[in-house]
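Written out below as structure tokens is the structure these notes cover.
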DNA sequence: TGTATTCCTATTATATTAGTAGTATATTAT
DNA sequence: ATAATATACTACTAATATAATAGGAATACA
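Residue numbers (the working numbering), protein chains in the order written: chain A, 469 to 612; chain B, 469 to 612.
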């Protein structure tokens with residue numbers, strides 16, 4: 469269960485937008501430079517975040533990206549879900565018809581429990597709460 | 469974060485061994501038939517479980533596999549760890565030297581928290597506790 | 001000795017992730 | 001208007017990991 473760079477980079481980018489909330493749009497080339505990611509790859513990640521309604525893009529000169537909501541209204545679970553997909557993918561947890569014994573299967577209950585547990589953690593964390601934690605050091609740009 | 473067939477099949481196999489604990493060695497061809505997995509692939513999964521000390525193999529005619537400990541002494545976390553690896557793989561969580569800002573990084577603390585949360589769930593579940601749950605229906609063979 | 005089983009190693013197939021590239025479209029500034 | 005700048009969109013390529021197959025060696029039992 470490896471965390472993809474898609475999710476790691478994407479969340480780093482969103483955190484940088486949160487850090488600059490209310491300072492106007494931030495351009496991808498800026499984020500790319502700070503985070504050591506290519507602009508082109510970032511574009512694709514932002515497209516995902518955009519279609520999830522987390523960010524919006526402004527074209528043209530002086531354009532860039534902004535958060536659609538304030539950092540205290542965006543949960544880590546929102547970002548994680550669209551970038552990474554379901555926390556733990558086992559077909560039978562999502563699709564009751566996948567297996568004839570779904571309603572009795574014991575292991576399925578384990579995967580479902582894990583899924584819920586992780587979602588609870590991610591839902592309890594907002595971008596703002598993460599920023600607040602980091603303020604003293606301001607080391608936001610570096611690695612996730 | 470998809471769960472690999474390696475883990476799903478491996479845990480199914482271990483559960484079948486648990487189900488037959490004290491009935492002598494169970495052969496891979498039997499498990500393979502019940503679970504709809506090839507013997508050859510199962511061999512590789514059992515090799516992993518064997519090197520983790522969870523099962524042991526007995527060669528030759530009338531051979532097969534047995535659990536090295538009773539089902540109430542084997543935790544799901546033991547099986548999961550060796551089959552799937554760390555719950556959530558982010559280099560910096562395992563390796564403090566991966567990133568220069570490890571000690572301050574906020575996102576790292578999130579991944580670490582999730583890792584711990586999931587491990588707590590897996591550690592709280594033994595093979596026996598799963599068997600006890602399923603006894604009434606005996607649907608152990610089917611899909612995980 | 002023959003049969004059945006695990007054990008070991010190599011190879012292939014498939015899917016997913018990661019990343020690059022090119023062009024179109026929109027916005028701003030001159 | 002035109003040039004410059006940035007996102008938007010789509011296609012392609014590379015790298016990696018998973019999943020599965022295959023062949024033969026070693027061991028145990030009858």
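Using N, Cα and C, we set each Cβ at its ideal position, and we do this for glycine too. Note that the structure is predicted; figures quoted are calculated from it, not measured.
Could you check if residue i is buried or exposed, using at least 16 other CB atoms within 10 Å of its CB as the buried criterion?
i, result
"residue 598 of chain A", "buried"
"residue 496 of chain B", "buried"
"residue 526 of chain A", "exposed"
"residue 482 of chain B", "buried"
"residue 503 of chain A", "buried"
"residue 575 of chain A", "buried"
"residue 555 of chain B", "buried"
Below 6 angstroms CB to CB, which residues in the same chain sit around residue i once its five sequence neighbours on both sides are set aside?
i, result
"residue 484 of chain A", "499"
"residue 593 of chain A", "544"
"residue 596 of chain A", "539, 540"
Could you pull out every residue in the same chain whose Cβ sits closer than 8 angstroms to the Cβ of residue i, ignoring the five residues on either side in sequence?
i, result
"residue 521 of chain B", "536"
"residue 479 of chain A", "544, 547, 548, 551, 612"
"residue 511 of chain A", "496"
"residue 558 of chain B", "576, 579"
"residue 523 of chain B", "482, 485, 514, 517, 533, 534, 535, 536"
"residue 591 of chain A", "543, 544, 545"
"residue 491 of chain A", "none"
"residue 469 of chain B", "556"
"residue 471 of chain B", "552"
Tell me whether residue i sits in a helix, a strand or coil according to DSSP, three-state version.
i, result
"residue 508 of chain B", "helix"
"residue 516 of chain A", "helix"
"residue 534 of chain B", "strand"
"residue 570 of chain A", "Unreliable positioning characterises residue 570 of chain A in this predicted model, as indicated by a pLDDT of 49, which lies under 50. The coordinate reading is nonetheless provided below. In the structure shown, residue 570 of chain A sits in coil (DSSP, three-state: anything other than H, G, I, E or B)."
"residue 471 of chain B", "coil"
"residue 478 of chain B", "helix"
"residue 582 of chain B", "helix"
"residue 555 of chain A", "coil"
"residue 539 of chain A", "helix"
"residue 608 of chain B", "Low per-residue confidence applies at residue 608 of chain B: pLDDT is 48, beneath 50, and the placement is therefore not dependable, though the value from the model is reported in the following sentence. Note: residue 608 of chain B maps to coil in three-state DSSP."
Got a sec? Which residues, its chain only, sit under 7 angstroms from residue i by beta carbon, not counting five neighbours each side?
i, result
"residue 493 of chain B", "526, 531, 532, 533, 534"
"residue 475 of chain A", "548, 551, 552"
"residue 538 of chain A", "489"
"residue 519 of chain B", "none"
"residue 506 of chain B", "500"
"residue 508 of chain A", "none"
Looking at the secondary structure, which residues open and close the alpha helix (DSSP H) in which residue i lies?
i, result
"residue 524 of chain B", "No alpha helix (DSSP H) contains residue 524 of chain B, which is instead part of the beta strand (DSSP E) from 523-526."
"residue 501 of chain A", "496-503"
"residue 600 of chain B", "595-602"
"residue 614 of chain B", "Nothing can be reported for residue 614 of chain B: it is not among the residues displayed for chain B, which extend from 469 to 612."
Report whether the distance from the Cβ of residue i to the nearest heavy atom of the ligand HEM is below 8 angstroms.
i, result
"residue 527 of chain B", "For the ligand HEM, the structure offers nothing, since it holds no ligand at all."
Three or more C-beta pairs below 8 angstroms linking the segment 585-600 of chain A and the segment 573-592 of chain B: yes
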